[in-house]
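Student:
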Amino acid sequence: SGGGVGRGMAGGCRLLLLLALGRAAAPPGGMLYPRETPSRERKELGGLWSFRADFSPGRDAGFVQRWYRQPLRQTGPVIDMPVPASFNDITQDPSLENYIGWVWYEKEVLLPLRWLQDNLNTRVVLRFGSAHYYSIVWVNGVQVVEHEGGHLPFEADISSIIQGSPGIPCRITVALNNTLTPYTLPPGSIQYMNDKTRYPKNYFVQNIRFDFFNYAGIHRPVVLYTTPSVYIDDITVTTTSSESIAMVQYQVSVVGSTLYSLSLSLRDQEGKVVATGDGPAGELKVLNPNLWWPYLMHENPGYRYSLEVKMQAQANGALLEDVYALPVGIRTIHITSTQFLVNGRPFYFHGVNKHEDADIRGKGLDWPLVVKDFNLLRWLGANSFRTSHYPYAEEIMDLCDAYGIVVIDECPGVGIKMPESFGNKSLQHHLLVMEELIRRDKNRPSVVMWSVANEPASELPPAAYYFKTVIAHTKALDPSRPVTFVTDANYALDHGAPYVDVICVNSYFSWYHDPGHLEVITLQLTTQFENWYKTYKKPIIQSEYGADSVPGLHSDPPLMFSEEYQKAMLEKYHSVFDKKRKEYVIGELIWNFADFMTNQGTTRVLGNKKGIFTRQRQPKSAAFVLRERYWKIANESSCLPPIIKSHTLFL
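The sequence shown maps to residues -24 to -1, 1 to 627 in mature numbering (1 follows the signal peptide of the UniProt record, and there is no 0).
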């Protein structure tokens, strides 16, 4: 983990730190992905938005002058800003690259007449896939929603504001603040530099305790969608199975009326109905089910059924119908003291850690990049990844479900290092974030485990109560999945480890410890595994390991930062993994899939270079080492047909 600074001028920063008050709370109810159905329409709002950063000394001019009350261009100079994207790398302005404080976005859209006229029976919702970090949203000058957290969706019903005004543009204004405090997730701190002989007046830095750039902006799709005024608000699905029969348990919540009927149909990939049900809760029986299998574990990975839910209700003298189709994968997860079982078969995680990170767009969702990354994952023979260190876009998760890529779904609990970040204020927000994450991803077959944090200061005494509470809350919300957090603490000092189901350990022997000494890896890694297992008797994943390599830098004998050193380190780790995976090690996730941007620092040359691919997704030597290994591990599985066992077959 690392740290860094962002620069700016902030005066009193009264509003800069508004988000530290923690005023935004998750609304009750569901957060179904906005899909078009016979009863629902969707309008994408991506493209160019008007943008303005508030460079006033207190960063509060936008609130004092009420920029949301009029078109943003009338408040002062605006620029075009693409959505979705981070704003940091789009311009040539260095003050925007490292900006901390409030920025403002605006989009004017004309809505279809049919959305505006049927104001009793049509509901119009504005939804953001994510915006980092703290958002306040207005429509036509009226505040509609406030949300804390940079990686999860939020929405607002805007029907009452826009209906009855056909032909008038709908003006959406967003104020966005990327400041991190000890109580945000991830945490950070603002430090004022008061030495006037060294720093300008009101100079401050944003300190963080994580090693990736704190990109900010509207990072994921913004959409308007419609539902009837009585609508399907949420669906929860869990599955159990044996060889010849599966049970799909469902719960459906409807909002807008208590007088409604529900019918459900489960269709296979050919569209054939294999089970039906009715009512808000029940169980569907599927004979001879096609199970959801991970990539390389079955010739047809990622099999999904479609659960079609139909609701009918009387409202305002009309018969309303709402339809929603939810993809469903039938699979089971079990763990023992030495194994992780998917559908009753041992599963070994051979995968990667990633980042949502790329040139120019930062953390903004970009379809060509997403598809390229999945093609590289499958070329590599990777069957899994962790969403380090925050929830990834729903569009990425959809492809994990479809391709059979197994996911450890991690919340933004990274950099929890300061004692004040273990207090009740932080804890309450952390619990809320887990609620939002599980609400979003609970029905995904690819998600096999929740991770509540990465490398927290779990050796601190308050960590015991903190992680006991967060993990218990997570299990209460979703009893169907194991829960972990990722540790780099000493096994004998970790106060959170007693509460996890799977031990996830990060270690960088011969890099951060004994740098340059590859010869110590075998002993130190073996000792690490044996100490953890002896203490907890739980399966272990090596959740991070790796070395920086500058592409094209070569050295023989291997020296640090050369491609050869990265290869040699991986091979040393792999020799220990091969011994211990016969016992209780259930996975290995390389750090990292691709190079990524960080704050500037004396140990970072244009970012972190631990990727096996460059930031532009070109392979380093280590990628071929890992590919050879992952396909060899996959080919050891007896359940694969011969055609899949050839690692020359890839997409």
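Here a beta-carbon is modelled for each residue, glycine too, at the ideal position from N, C-alpha and C.
Identify the continuous alpha helix (DSSP H) that holds HIS405 and give its terminal residues.
Tutor: For the purposes of this step, residue 405 is taken as the residue at position 429 of the sequence shown. Element bounds for HIS405: 400 to 417.
Student: What does TRP78 pair with, by DSSP beta-bridge criteria?
Tutor: Position 102 of the sequence shown holds residue 78. Its beta-bridge partners are ASN153.
Student: Are the Cβ atoms of VAL478 and GLN518 separated by less than 8 Å?
Tutor: Counted from its first residue, the sequence shown places residue 478 at position 502. Counted from its first residue, the sequence shown places residue 518 at position 542. In this structure, GLN518 does not lie closer than 8 Å to VAL478 by Cβ.
Student: Rounded C-beta distance between PRO270 and SER217? I'm assuming under 8 Å.
Tutor: On the sequence shown, position 294 is the one that residue 270 refers to. On the sequence shown, position 241 is the one that residue 217 refers to. 15 Å between Cβ atoms; not a contact.
Student: Thinking just about the alpha-carbon of each residue, which of ALA544, MET536, PRO474 and SER551 is nearest to the one in LEU499?
Tutor: For the purposes of this step, residue 499 is identified with residue 523 of the sequence shown, where counting begins at 1. When each option's Cα is compared against that of LEU499, the closest is SER551.
Student: Please list, in chain order, all residues of the same chain as ALA440 whose beta carbon is under 6 Å from its beta carbon, the five residues on each side excluded.
Tutor: Locating residue 440 in the sequence shown gives position 464, counting from the first residue. Correct list, in chain order: HIS471.
Student: Which residues bound the beta strand (DSSP E) around MET57?
Tutor: Residue numbering aside, residue 57 sits at position 81 when the sequence shown is read from its first letter. Element bounds for MET57: 55 to 59.
Student: Mark residue 637 as exposed unless 16 or more other C-beta atoms lie within 10 angstroms of its C-beta, in which case mark it buried.
Tutor: The chain is shown from -24 up to 627; residue 637 falls before or after that span and cannot be answered.
Student: Of the choices GLU84, ARG11 and ARG416, whose alpha-carbon is the least far from that of SER26?
Tutor: Here the question's residue 26 lines up with position 50 in the sequence shown. When only C-alpha atoms are compared, the closest one is GLU84.
Student: Work out the CA separation of LEU92 and VAL446 for me, nearest whole Å.
Tutor: Within the sequence shown, the letter at position 470 stands for residue 446. Within the sequence shown, the letter at position 116 stands for residue 92. The straight-line gap from Cα to Cα measures roughly 43 Å.
Student: When DSSP labels each residue in this structure, what does THR445 get in the three-state scheme?
Tutor: Your numbering for residue 445 matches position 469 in the sequence shown. The answer is helix: DSSP assigns THR445 an H, G or I state.
Student: Mind checking whether GLY117 and TRP78 have CB atoms under 8 Å apart?
Tutor: Position 141 of the sequence shown, counted from the start, is the residue given in the question as residue 117. Position 102 of the sequence shown, counted from the start, is the residue given in the question as residue 78. Taking 8 Å as the Cβ cut-off, GLY117 and TRP78 do not qualify as a contacting pair.
Student: State the Cα-Cα distance for the pair LEU(-4) and ASP187, rounded to the nearest angstrom.
Tutor: For the purposes of this step, residue -4 is taken as the residue at position 21 of the sequence shown. For the purposes of this step, residue 187 is taken as the residue at position 211 of the sequence shown. Residue placement at LEU(-4) cannot be trusted, given a pLDDT of 39 that sits under 50; the coordinates are not used to answer.
Student: What runs of the beta strand (DSSP E), each 3 residues or longer, lie entirely inside the stretch 522 to 566?
Tutor: Taking only runs of at least 3 residues, the beta strand (DSSP E) segments lying wholly in the stretch 522 to 566 are 561 to 566.
Student: With a cut-off of 8 Å, do at least 3 Cβ pairs link the stretch 268 to 285 to the stretch 311 to 324?
Tutor: Yes, the stretch 268 to 285 touches the stretch 311 to 324.
Student: If you measure between the beta carbons of PRO163 and LEU156, is that distance less than 8 Å?
Tutor: Position 187 of the sequence shown, counted from the first residue, corresponds to residue 163. Position 180 of the sequence shown, counted from the first residue, corresponds to residue 156. Their beta carbons are under 8 Å apart, which means PRO163 touches LEU156 by this criterion.
Student: With DSSP collapsed to three states, give me the class of GLN50.
Tutor: For the purposes of this step, residue 50 is taken as the residue at position 74 of the sequence shown. If DSSP states are grouped into helix, strand and coil, GLN50 belongs with the helices.
Student: Judging by CA-CA distance, which residue of PHE505, SER62, VAL262 and GLY577 is the nearest neighbour of PRO197?
Tutor: What you label residue 197 is simply residue 221 of the sequence shown in a count that begins at 1. When each option's Cα is compared against that of PRO197, the closest is SER62.
Student: Have a look at ILE306 and LEU565 and give me their C-alpha separation to the nearest angstrom.
Tutor: As a first step, residue 306 must be located in the sequence shown, where it is residue number 330. As a first step, residue 565 must be located in the sequence shown, where it is residue number 589. If you take the alpha carbons of ILE306 and LEU565, they lie about 25 Å apart.
Student: Applying the criterion that 16 or more other CB atoms from any shown protein chain within 10 Å of the CB defines a buried residue, is HIS489 buried or exposed?
Tutor: Here residue 489 refers to the residue found at position 513 of the sequence shown. Under this definition HIS489 is an exposed residue.
Student: Would you kindly check if the distance between the Cβ of LEU200 and the Cβ of LYS339 is under 8 Å?
Tutor: Taking the first residue of the sequence shown as position 1, residue 339 is located at position 363. Taking the first residue of the sequence shown as position 1, residue 200 is located at position 224. No, these two residues do not count as a Cβ contact at 8 Å.
Student: Considering ASP377, what are the terminal residues of the alpha helix (DSSP H) in which it resides?
Tutor: Mapped onto the sequence shown, residue 377 falls at position 401. 370 to 379 is the extent of the alpha helix (DSSP H) around ASP377.
Student: Just how far apart, CA to CA, sit VAL115 and PRO47?
Tutor: Here residue 115 refers to the residue found at position 139 when the sequence shown is read from its first residue. Here residue 47 refers to the residue found at position 71 when the sequence shown is read from its first residue. Looking at the two C-alpha atoms, the distance is approximately 11 Å.
Student: Do you know offhand how far ALA473's Cα is from GLY140's?
Tutor: Walking along the sequence shown from the start, residue 473 turns up at place 497. Walking along the sequence shown from the start, residue 140 turns up at place 164. Taking the straight line joining both Cα atoms gives about 56 Å.
Student: What first and last residue would you give for the alpha helix (DSSP H) that runs through PHE505?
Tutor: Numbered from 1 along the sequence shown, position 529 holds the residue referred to as residue 505. Start and end: 497 to 512.
Student: Between TYR467, LEU436 and VAL476, which has its C-alpha nearest HIS449's C-alpha?
Tutor: Taking the sequence shown and counting its residues from 1, one reaches residue 449 at position 473. If we check each option's Cα against that of HIS449, VAL476 comes out closest.
Student: Pull up the distance between the alpha-carbon of SER434 and that of ASP464, whole angstroms please.
Tutor: For the purposes of this step, residue 434 is taken as residue 458 along the sequence shown, with counting starting at 1. For the purposes of this step, residue 464 is taken as residue 488 along the sequence shown, with counting starting at 1. Approximately 9 Å, taken between the alpha carbons.
Student: Kindly indicate which three-state DSSP category ASN292 falls into: helix, strand or coil?
Tutor: Position 316 of the sequence shown, counted from the first residue, corresponds to residue 292. Reduced to three states, the DSSP call for ASN292 is coil.
Student: How is VAL206 classed by DSSP in three states: helix, strand or coil?
Tutor: Here residue 206 refers to the residue found at position 230 when the sequence shown is read from its first residue. Reduced to three states, the DSSP call for VAL206 is coil.
Student: Following the continuous alpha helix (DSSP H) through GLU275, name the residue where it begins and the one where it ends.
Tutor: For the purposes of this step, residue 275 is taken as residue 299 along the sequence shown, with counting starting at 1. That residue, GLU275, is in no alpha helix (DSSP H); it is neither H nor E in DSSP.
Student: If you run the structure through DSSP and keep just helix, strand and coil, what is LEU128?
Tutor: What you label residue 128 is simply residue 152 of the sequence shown in a count that begins at 1. Residue state, collapsed to three classes: coil.
Student: So, at 7 Å on beta carbons, what are the nonlocal neighbours of PHE537 in its own chain, with the 5 sequence-adjacent residues on each side left out?
Tutor: Indexing the sequence shown from 1 puts residue 537 at position 561. Counting only Cβ-Cβ distances below 7 Å, and skipping sequence neighbours, we find ASP524, SER525, VAL526 and LEU529.
Student: Let me confirm a value: GLY108 is counted as buried when at least 16 other C-beta atoms fall within 10 Å, else exposed. Which label applies?
Tutor: For the purposes of this step, residue 108 is taken as residue 132 along the sequence shown, with counting starting at 1. The sequence given here places His at residue 108; Gly does not occur at that position. Buried, by the Cβ-count rule.
Student: Take THR511 and list the residues in its own chain whose beta-carbon comes closer than 6 Å to its own, dropping the five residues that flank it on each side.
Tutor: Mapped onto the sequence shown, residue 511 falls at position 535. These residues qualify, in order along the chain: TYR467.
Student: Cα-Cα, which of ARG354, VAL285, LEU494 and SER531 is closest to SER597?
Tutor: Translated into the one-based positions of the sequence shown, residue 597 becomes position 621. For SER597, the nearest C-alpha among the options comes from SER531.
Student: Using only the alpha-carbon positions, how far apart do GLN68 and GLY577 sit?
Tutor: Here the question's residue 68 lines up with position 92 in the sequence shown. Here the question's residue 577 lines up with position 601 in the sequence shown. So the two alpha carbons sit approximately 21 Å from each other.
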